Structure formats: C-alpha cells, structure tokens
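See structure below.
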Amino acid sequence: AADTAKGTATQLHPDVESVVLSEEDIRGIVTRMGDEISRDYAGRNPLVVTVLRGAFIFTADLLRAIKVPCEVDFMAVSSYGNGVKSSGVVRIVKDLDTKVQGRDVIIAEDILDSGLTLSYLIKLLQARQPNSIEVAAFSVKDIEGKQPAVEPRYVGCHVPDAFVVGYGLDFAERYRNLPYVGILKPEVYS
Ligand code: 5GP
Ligand code: MG
Ligand code: MG
2 AADTAKGTAT QLHPDVESVV LSEEDIRGIV TRMGDEISRD YAGRNPLVVT
52 VLRGAFIFTA DLLRAIKVPC EVDFMAVSSY GNGVKSSGVV RIVKDLDTKV
102 QGRDVIIAED ILDSGLTLSY LIKLLQARQP NSIEVAAFSV KDIEGKQPAV
152 EPRYVGCHVP DAFVVGYGLD FAERYRNLPY VGILKPEVYS
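For the sequence shown, the UniProt record's numbering assigns the number 2 to the initial residue and increments by one for each residue that follows.
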C-alpha cells in the first residue's frame, strides 16, 4: 500500500486508511510532554496512573521522557467493550495498588473522546484525597461543537473525528502493535 505524505518508510497495514501520526510525530509529541511534566513536577514524585489497556504504550514512552523521579501504577476500566462508540458505562476492571492519598497523580490517557471515562475516574480518585490530579492525554479527538468532559493539563495532539488505531489503540483488541496512529477503514468495523 502507498504511504501517506508523512514520509515514513512504515509499511501501511491493509486495514488502515491513512496515517494520522507517524512514529516520528509520536516521538516528538511524547518528548515534549515529558519535558513539560519534568518542568512542572520538579522536586516532586508524581504517580503516573495508566488507564489500561490503550494507554500502556504511551505510558512506557512518557515515563522514559520524564526526567524527575516518578512512579507508575495501572488501572483498567471498560467503557467501550469491543465496539467503537462510548456506552457511557464505565466499569473498574482493575484498581490501583498504590495509595493515592497525598500524591500528585498524573493520569495518562491514550485518547480523549467524550471524556466520560476520565471524568468518572477523576471523581473516583479525587475521593481518595490526592494532593493533585492532572491528565496527560496523548491525543484528543476533535469533534465539532463538542467539548470533552475533562480538560487535560497536557495534550499531545489533536486527531480527527474518526476511529483511529495503533500506538496502543485497538479495535476488538487488534492493531495495538502498530507503531503509528492511523484511521481504520470503516469497512473493517461496519
Ligand atoms: P471517552 O470516554 O473519552 O469517550 O472514551 C475514551 C476511550 O475510548 C479511550 O481511552 C479509548 O480507549 C476509546 N476510544 C475513543 N476513541 C477511540 C478511537 O478513535 N479509537 C480507539 N481505538 N479507541 C477509542
Ligand atoms: Mg483509554
Ligand atoms: Mg479499546
């Protein structure tokens, strides 16, 4: 398949319509986010909370881009099932092992769409009395006339209102391993 104008040598997956973020784009985004966090959290020891599974690859890269001492813990919630539309129903599948009280929490999110998942999660973690909670969203979906329920402190990039996969993002658990972010061909899920 032909590649996009992004100019990477990456072989495009046949189910992917076009590349939204190349590996090089991703590297630049994550490095910048790490720099911002390192500057803002100097002298502190933030707890990076990852929302599994989609955000695990972003978190692995982000952690290595953060230059201050930090910790990581994992949480799993389910809001999408295997579909492509938010059900609005969020279920905790795995809770944190780390105490949140008094901590500076940074929630690492793969993609912010309606923000329903995150606003639920923030309320839940707020009840555990952290010192602070901020959100680092690798990507925010641009939806005309719609604002997500949560405003992230750190935003990696904006992606178009399409269903994207790769860099941890799945459709029915597939495509997480693609090293780039691309738009899934609609015929794959419709
Ligand atoms: P929200 O609650 O913000 O509507 O949904 C957030 C979650 O839905 C994301 O963390 C992600 O797991 C999933 N999601 C939202 N948009 C997309 C998308 O375009 N592609 C994929 N693979 N997952 C998405
Ligand atoms: Mg997520
Ligand atoms: Mg998913």
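From the three backbone atoms N, C-alpha and C, an ideal C-beta is built for every residue, glycine too. Here the structure is a predicted model, which is why all the values come from computation and not from measurement.
DSSP three-state assignment for T118, whether helix, strand or coil
Within the sequence shown, the letter at position 117 stands for residue 118. Of the three classes helix, strand and coil, the one that applies to T118 here is helix, per DSSP.
Per DSSP, which one or two residues make a beta bridge with K95?
As a working mapping, residue 95 is identified with position 94 in the sequence shown. For K95, which the question treats as bridged, DSSP gives the partners A77.
Work out the CA separation of S39 and P47 for me, nearest whole Å.
One-based indexing of the sequence shown puts residue 47 at position 46. One-based indexing of the sequence shown puts residue 39 at position 38. C-alpha separation (whole angstroms): 10 angstroms.
Looking at the structure shown, is L125 part of a helix, part of a strand, or coil, going by DSSP?
To locate residue 125, count along the sequence shown from 1; it is residue 124. Reduced to three states, the DSSP call for L125 is helix.
Is DSSP giving S191 helix, strand or coil here?
Within the sequence shown, numbered from 1, the residue matching residue 191 stands at position 190. The answer is coil: DSSP assigns S191 none of H, G, I, E or B.
V101 in three-state terms, based on DSSP
Counting from 1 along the sequence shown, the entry for residue 101 is found at position 100. In the structure shown, V101 sits in coil (DSSP, three-state: anything other than H, G, I, E or B).
Would DSSP call D41 helix, strand or coil?
For the purposes of this step, residue 41 is identified with residue 40 of the sequence shown, where counting begins at 1. If DSSP states are grouped into helix, strand and coil, D41 belongs with the helices.
Return yes when at least one heavy atom of ligand 3 lies under 7 angstroms from the C-beta of D171, else no.
Mapped onto the sequence shown, residue 171 falls at position 170. Shortest gap from the CB of D171 to any heavy atom of ligand 3: under 7 angstroms.
Whole angstroms is fine: what's the gap from G170's alpha carbon to T32's?
Locating residue 170 in the sequence shown gives position 169, counting from the first residue. Locating residue 32 in the sequence shown gives position 31, counting from the first residue. Per the sequence shown, the amino acid found at residue 170 is Leu instead of Gly. Using only the alpha carbons, I get a separation of about 19 angstroms.
Where does G169 fall in DSSP's three states?
Translated into positions along the sequence shown, residue 169 becomes position 168. Three-state result, G169: coil.
Is G55 close to ligand 3? I mean its beta-carbon at under 7 angstroms from any heavy atom of the ligand.
Start at 1 with the first residue of the sequence shown, and residue 55 comes out as number 54. Yes.
Relative to the alpha-carbon of Y42, which residue among E25, A66, T51 and V20 has its alpha-carbon at the smallest distance?
Along the sequence shown, read from residue 1 onward, the residue named residue 42 stands at position 41. Of E25, A66, T51 and V20, the residue nearest in Cα terms is A66.
Put I67 into one of helix, strand or coil per three-state DSSP.
Residue 67 sits at position 66 when you count from the first residue of the sequence shown. I67 falls in the coil class under three-state DSSP.
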